[in-house]
Structures are given as structure tokens and as C-alpha cells.
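Asks:
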Amino acid sequence: MSTKRKHSSCTLHEKLEVLKRLDKGESATKLAAEYSVGKATITDWKKNRVKIEQFCASTSEKTLEQRHNSTTSVYDKLDEATFLWFTQERQKGVPISGPLIYEKALQ
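FYI, the numbering for the sequence shown is 114 to 220, going by this note's numbering.
(1) Taking the C-alpha atoms as reference points, what is the distance between Ser149 and Val207?
(2) Using C-beta distances below 8 Å, list every residue in its chain close to Thr156, excluding the 5 sequence neighbours before and after it, in chain order.
(3) Output yes or no for whether 7 Å exceeds the beta carbon distance between Ile209 and Glu216.
(4) According to the Cβ coordinates, are Ala145 and Gly138 closer than 7 Å?
(5) How close, in whole Å, do the beta carbons of Leu135 and Lys164 come, if the pair is a contact with beta carbons under 8 Å?
(6) At which residues does the alpha helix (DSSP H) containing Glu139 begin and terminate?
(7) Would DSSP call Val187 helix, strand or coil?
(8) Does the distance from the CB of Ser162 to the CB of Leu125 come in under 7 Å?
Below you can see the structure in the form of C-alpha cells.
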């Protein structure tokens, strides 16, 4: 029986790097070992290449180094409205807490 690999997740920056290296001809097996992920994971990244590249193109480099997935909020308009309210209140100097943001989002 083989030993289980420790769970690891790669950032979007690393996923993009792996895709570029695959284009250059490196093997998926070698890359899987280097990034401590399964070969099937590399295959999934290849399948989702378009989605990963589109998300990376619309996101800052700093964010790519921190994020591990490309899922976005289901409630984009709610997020935008809440963030707009948040920035306006911060400019006024109003202290804002988590429960206050939650309450405003429910409105």
C-alpha cells in the first residue's frame, strides 16, 4: 500500500507557472512531484486552463500569490454595494466592525 501524500494546495500563481512549464514540454509527473500534488491534479489544471488564465488576467499579481482558487462570489452586486458602503464609511472616519458589515449586507 502506498503512503498518503500530505494535502497541499497551490496558489494561482503556481498553477499558472505549471501550465507554462507544461507548454514548454515538461512532464506532468515531474511537475506533480515537484509541487507535491497528484498527476490528476495537474490534469485538472490543464482542463481548467481557460478559466485559470482568464481569472489570472483580471487579477493583480499580489492576489495571485495569495489565492488558491478562482471561485468568485455568487452575489457580485451585493459585494460591490457593500464594499462601496464600506469605503464611504471609512472615508468619513466611522469605525466599522464585522457585525456592522453583516447588518448592512442584509439590508
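By construction, the Cβ of each residue, glycine as well, lies at the ideal position given by its N, Cα and C atoms.
Replies: Let's see:
(1) 46 Å
(2) Ala141
(3) no
(4) no
(5) 16 Å between Cβ atoms; not a contact.
(6) No alpha helix (DSSP H) holds Glu139; DSSP gives it neither H nor E.
(7) coil
(8) Per the sequence shown, residue 162 should be read as Arg rather than Ser. Taking 7 Å as the Cβ cut-off, Arg162 and Leu125 do not qualify as a contacting pair.
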